[in-house]
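In my numbering, the protein residues as written are 192 to 278. Data first, discussion second: the structure below is written as structure tokens.
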């Protein structure tokens with residue numbers, strides 16, 4: 192999800208694309224009858240929330256996947272320093 196968004200293909204992140212590419216479902220995938228994408232997206236949202244609450248209070252960027260979409264958002268924490276690499 193993050194890679195697709197960062198490379199400008201966030202608009203491709205639909206249930207059918209995720210179901211076929213990630214979960215190996217066929218092109219006849221029906222999101223109404225197979226909730227795998229919604230269920231796993233919910234798990235990922237909860238895992239990200241837990242991570243930022245418990246382990247990553249100093250991370251300079253917060254990744255979130257708002258409900259109703261599978262496209263992540265990126266928020267820079269106020270006052271956070273971003274490490275730069277290279278010269």
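Just so you know, even glycine gets a beta-carbon here, dropped at the ideal spot from N, CA and C.
**Item:** Pick from 199, 259, 269 and 261 that is closest to residue 248, judged by C-alpha positions
**Value:** 269
**Asked** Which ranges does the alpha helix (DSSP H) cover as unbroken runs of at least 4 residues, wholly within the stretch 204–260, from first to last along the chain?
**Response** 206–212 and 227–245
**Message:** Which same chain residues end up closer than 7 Å to residue 265 when comparing Cβ atoms and leaving out the 5 residues on each side of it in sequence?
**Reply:** 252 and 254
**Message:** Tell me which residue opens and which closes the alpha helix (DSSP H) that residue 198 is part of.
**Reply:** Counting along the chain, residue 198 falls outside any alpha helix (DSSP H), and DSSP gives it neither H nor E.
**Item:** Under the three-state DSSP convention, the category residue 268 falls into
**Value:** coil
**Request:** Compare the beta carbon distance of residue 210 and residue 216 with 8 Å and say whether it is the shorter of the two.
**Result:** yes
**Request:** Quick one: measure Cβ to Cβ for residue 214 and residue 193, integer angstroms, because I've assumed they're closer than 8 Å.
**Result:** The pair is not a contact, with the Cβ atoms about 18 Å apart (cut-off 8 Å).
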